[in-house]
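Read in the UniProt record's numbering, the sequence shown has 348 at position 348, and its numbers run on one by one without any break. Contents: one structure, followed by commentary.
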Amino acid sequence: MSHPDFRLNLRPLGTPRGVSSVVGPHGVGASPGDKKSKNKSIRGKKKSVFETYMSKEDVSEGLKRGTLIQGVLRINPKKFHEAFIPSPDGDRDIFIDGVVARNRALNGDLVVVKLLPEEQWKVIKPESNDKETEGAYELDLPEELCGSHLLQQPVKGYNDSPDVIIEAQFEDSDPEDGHGSTQNVLVDGVKKPSVCVHDKGKEDADAPVTKDESTSTSQDPRALPEKSLQRSAKVVYILEKKHSRAATGFLKLLADKNSELFRKYALFSPSDHRVPRIYVPLKDCPQDFVTRPQDYANTLFICRIVDWKEDSNFALGQLSKSLGQAGEIEPETEGILTEYGVDFSDFSSEVLDCLPQGLPWTIPPEEFSKRRDLRKDCIFTIDPSTARDLDDALSCKPLADGNFEVGVHIADVSYFVPEGSPLDKVAAERATSVYLVQKVIPMLPRVLCEELCSLHPMTDKLTFSVIWTLTPEGKILGEWFGRTIIRSCTKLSYEHAQSMIESPNEKIPEKELPPISPEHTSEEVHRAVLNLHGIAKELRKQRFVDGALRLDQLKLAFTL
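So this is what it looks like as structure tokens:
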């Protein structure tokens, strides 16, 4: 150790990440009942780590009266002991400090919180503070001890505050590292510590602590100006468990080989530090895991949390499956999708049976009487050159009075997805297509997106259209909405449209354009693109006159 005034305080196993086993009497993350209950628990039954949730009735009453607040929990992925919910009045977020105050809620859950007394609110340091007050020196600990996150100490400068315990997160399940039972690092002689404010980007192994008596946190927070305090709260109820309760991570043996737990459970350590470590029954684990744990050191597993009791620092879970080697694209991708609750399974035969079976599909005659027939109009699509699902088309017809009839035609997916059908239900559950770097997880079956509803050229398609009568300046004179049938005359790429805009008076050679249906000419399409571009320029100009802001942000793309 590089600092002579630090000593290691060896403690029993079992304190979760971000929870100190010694807490200050006024600690934001203090376990329920401060010092008194701590002493009681030594003599009596097993101590609760977490508070019991409030009853539904009390929560409902508290929300009505405004004594409780609800919101979606966000846990800081870099400093997992920090969590927040949005303030209902749109003011600064409400702060939830530590695992205990979070009370077994996970990232994304809809939670109900109760504000703590004002003296326990978080102190926000003024921006102008120099680095000195953020941390006079740093702990120099071996990496396996620091793991990643050290507990921010909530003690706010009371004279009776104990020595500060800074809890180092490490894999206490790792018998090889020789620190199996080391739990806390004791920092001596710090009477009035400041709140640990971590260097951005240096969170992982740095725990700045200051001995400076005059820092902004060494006074009673109630004496500080209001804007330097952030309302702090604790979770009292989970309204909706939005988090999937699934995590990817690694399996380890428990550190204490002589314990009762060692014979029944392994420890699952999630890659995402916002998820607690999880006891999993050994019967779920590979048969040779206990005898050859090193063979699985680099194997990714998926685990689901099934329970998390008040008196346990760790959750209980079930191992779902082994994904493969960490670092390989397919196992890592499957892990990400599972963690975020994305359904990437194949569509069932029951779902696919909702769609027309014979391809190519033709529009039933009765639809023509229910829809406006626009098949003779000059309508075309403009999409990226690689697009397969062409879901919108455009038209622009000049009128005798100098105005334009502009149409936007969207593929009518609703025709193929009857309300309440198995297809409708699975689409509602998926809610959106998910775009990853190397693949797409579709919301609807590919046959629907890429065949039945894709507005391919020279094919009759069902659409929903909006048709405006516009002046050349883009002023709306009239509008019509309704179901239609279209027949796109060509499939333009962005590059085709751009070359038309850049050559307004030249005919684009046929060989540089995609095929166009014989009922229409390339000049007609070219003219429509130029007219749309002219109207778009006017509309864009008007938006900036009305105060729009242009943001030219870089778009990140990956070539694989």
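Backbone N, C-alpha and C fix where the C-beta goes; we use that ideal spot for every residue, glycine too.
Using a Cβ-Cβ cut-off of 7 Å (strictly less than) and excluding sequence neighbours within five positions of V280, which residues of its own chain qualify?
Non-local beta-carbon contacts of V280 in its own chain, meaning distances under 7 Å to residues more than five positions away in sequence, involve Y265, A266, F268, C303, G317, Q318 and L319 in chain order.
Would you list the one or two residues that DSSP bridges to K234?
Partner residues in the beta bridge of K234, as assigned by DSSP, are K114.
In chain order, what residues of the same chain lie with their CB nearer than 6 Å to the CB of E524, ignoring the 5 residues before and after it?
Only residues of its own chain outside the window of five on either side were considered, and among them C378 have a CB closer than 6 Å to the CB of E524, listed in chain order.
Hey, could you find the ends of the beta strand (DSSP E) F270 is sitting in?
The question names Phe, yet the displayed sequence has Pro at residue 270. That run of the beta strand (DSSP E) goes Y265 to P270.
When the Cα atoms are used, what is the spatial distance from Y340 to P442?
The alpha-carbon atoms of Y340 and P442 are separated by roughly 15 Å.
For D383, the three-state DSSP class (helix, strand or coil):
Note: D383 maps to strand in three-state DSSP.
According to DSSP, which residues form a beta bridge with K461?
K461 pairs with I486.
Distance, Y237 Cα to Y53 Cα
Cα to Cα, the separation comes out at about 5 Å.
Is A83 helix, strand or coil by DSSP?
In this structure, A83 counts as strand in the three-state DSSP scheme.
Range of the contiguous alpha helix (DSSP H) that encloses T333
It spans I329 to E339 - the alpha helix (DSSP H) in which T333 sits, taken as one unbroken run.
So, T484 versus H409, is the Cβ gap smaller than 8 Å?
Yes; because the gap between Cβ atoms is below 8 Å, this pair is in contact.
Suppose the cutoff is 8 Å on Cβ atoms and the five residues either side in sequence are ignored; what does the same chain contact list for G66 look like?
Setting aside the 5 residues that flank it on each side, G66 has no residue in the same chain whose C-beta is closer than 8 Å to its C-beta.
Find out if the Cβ-Cβ distance for the pair R245, I305 is shorter than 8 Å.
The beta carbons of R245 and I305 sit closer together than 8 Å.
How far does the alpha helix (DSSP H) with G62 in it reach, from first residue to last?
Here the alpha helix (DSSP H) through G62 covers K56 to R65.
Collapsed DSSP secondary structure at H409 in the structure displayed:
The three-state reading of DSSP puts H409 in strand, counting E and B together.
Buried or exposed: P398, going by 16 or more other Cβ atoms within 10 Å of its Cβ?
Of the other Cβ atoms in all chains shown, fewer than 16 fall within 10 Å of the Cβ of P398; this residue is therefore exposed.
K79 to K234 span [Cα, whole Å]
Whole-angstrom Cα-Cα distance: 17 Å.
Apply the 10 Å Cβ neighbour rule to G482 and answer buried if 16 or more other Cβ atoms are within range, or exposed otherwise.
The residue in question, G482, is exposed, as its Cβ has fewer than 16 Cβ neighbours within 10 Å.
Are there 16 or more other CB atoms within 10 angstroms of the CB of W308, so buried, or fewer, so exposed?
The residue in question, W308, is buried, as its Cβ has 16 or more Cβ neighbours within 10 Å.
Starting from V72, trace the beta strand (DSSP E) in both directions and tell me its first and last residue.
Annotation for V72: the continuous beta strand (DSSP E) segment containing it runs L68 to V72.
Quick one: measure Cβ to Cβ for I85 and D93, integer angstroms, because I've assumed they're closer than 8 Å.
The beta-carbon separation of I85 and D93, rounded to 7 Å, stays under the 8 Å limit for a contact.
Where do the ends of the beta strand (DSSP E) carrying S320 lie?
S320 -> beta strand (DSSP E) spans A315 to Q325.
Decide yes or no for the touch test of the stretch 364-383 against the stretch 486-495: beta carbon pairs closer than 8 Å, at least 3 of them.
Yes: the two stretches touch, three or more of their Cβ pairs being nearer than 8 Å.
Should the stretch 456-464 be regarded as contacting the stretch 402-419, the criterion being three or more beta carbon pairs within less than 8 Å?
Short answer: they touch.
Check residue 572 in the structure and name its three-state DSSP category.
What is shown of the chain runs 1 to 560, which leaves residue 572 out entirely.
When we look at the beta-carbon of S433 and count the other beta-carbons within 10 Å, is it buried (16 or more) or exposed?
Exposed, because fewer than 16 other Cβ atoms sit within 10 Å of the Cβ of S433.
Can you tell me whether A536 is buried or exposed? The criterion is at least 16 other CB atoms within 10 Å of its CB, across all chains shown.
A536 comes out exposed.
Do Q230 and P124 count as a contact pair if the criterion is CB distance below 8 Å?
Just to set this straight, residue 124 is Ile in the shown sequence, not Pro. The Cβ atoms of I124 and Q230 lie closer than 8 Å to each other.
Using a Cβ-Cβ cut-off of 7 Å (strictly less than) and excluding sequence neighbours within five positions of G62, which residues of its own chain qualify?
Within its own chain, the residues whose Cβ lies closer than 7 Å to the Cβ of G62, once the five positions on either side in sequence are excluded, are L68, listed in chain order.
S423 vs V351 beta-carbon contact at 8 Å
Residue 423 is actually Leu in this sequence, not Ser. It is a contact, given that the beta carbons lie within the stated cut-off.
Looking at the secondary structure, which residues open and close the beta strand (DSSP E) in which I535 lies?
Per DSSP, I535 belongs to no beta strand (DSSP E); it is in the alpha helix (DSSP H), S522 to V545.
Chain-order list of residues whose beta-carbon lies under 6 Å from that of P457 (same chain, five-residue window excluded):
So the list reads S488, T490 and K491, once near-sequence residues are dropped.
Give the DSSP bridge partners of G249, in chain order.
The partner list for G249 (beta bridge, DSSP) reads P270 and F301.
With distances taken Cα to Cα, identify the nearest neighbour of E506 among F558, I486, E82 and L530.
The shortest Cα separation from E506 among F558, I486, E82 and L530 belongs to L530.
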